[in-house]
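Have a look at the structure below before the remarks.
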Amino acid sequence: MSTYAPHPHGGPDASPGTDLTLPDYAIGFTGAVRRGFKKYATFTGRASRAEFWFWYLFVVGGALVLVVPGAVLATATASSSSDGAPSPAAAVAFALVGVFYLAVLLPTIAVACRRLHDAGFSGLFLLLGLVTGLIPLIMCILPTSPNAVRYGPPGQPQPYGLPYGGYAPQQGYAPQQGYDEQPRG
């Protein structure tokens with residue numbers, strides 16, 4: 001029987017693999033991946049930093065293992081297609097990436113929620129990821145503000161439907177006067 005050192009901050013001790021309700025502070029890569037799938041949708045409890053980061057490494061590594069060959073396959077077969085559509089093999093490769101992401105989405109959220117619990121926060125803090133992505137989008141949708149003059153002069157409003165992507169065509173240079181003589185060579 002082996003003994004493990006106590007948690008450095010006085011937290012609970014957990015022997016690896018025995019109790020899934022306790023965080024495992026001495027977990028390795030394969031143990032973290034197994035635990036992530038065993039606790040697929042368990043949002044209660046705690047997860048150690050090692051468990052979270054090894055799971056994250058698995059997700060990123062798994063995605064790269066699927067994306068890189070798919071991108072190479074799509075690039076290699078793109079020139080042979082006249083309409084620019086990816087080959088069926090590349091489409092299957094990218095579909096596998098989508099299936100992988102769907103398979104790890106719920107356990108990734110669950111392990112992040114448990115990690116926040118271990119750090120002393122509510123799992124609801126994960127919702128900030130949704131909000132912080134929406135706030136700049138909402139700010140970009142807002143109309144022009146008169147207070148924005150401090151960032152520079154306002155442009156002239158352009159009506160919709162102009163050619164060239166909504167910009168009025170610019171005037172060219174005035175015709176130049178000819179030279180008196182041709183240059184001698």
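For the sequence shown, the residue numbers in full-length UniProt numbering are 1 to 185.
Positions of the beta carbon are idealized from the N, C-alpha and C atoms, including for glycine.
For clarity, every value in this text was computed on a predicted model and none was experimentally measured.
Check	Outcome
Given this structure, state the Cα-to-Cα distance separating residue 40 from residue 143, to the nearest angstrom.	44 Å
Could you work out which residue in 36, 71, 29 and 78 is closest to residue 110 when comparing CA atoms only?	36
Between the C-alpha atoms of residue 69 and residue 58, what's the straight-line distance to the nearest angstrom?	17 Å
Between residue 112 and residue 126, which are expected to be in contact by the criterion C-beta below 8 Å, what is the C-beta distance as a whole number of angstroms?	6 Å
Alpha carbon to alpha carbon, what distance is there between residue 105 and residue 34?	15 Å
From this set, 101, 43 and 49, which residue's C-alpha is nearest residue 29's C-alpha?	49
Can you look up residue 27 in the DSSP assignment and give me helix, strand or coil?	coil
What is the DSSP secondary structure of residue 121, counted as helix, strand or coil?	coil
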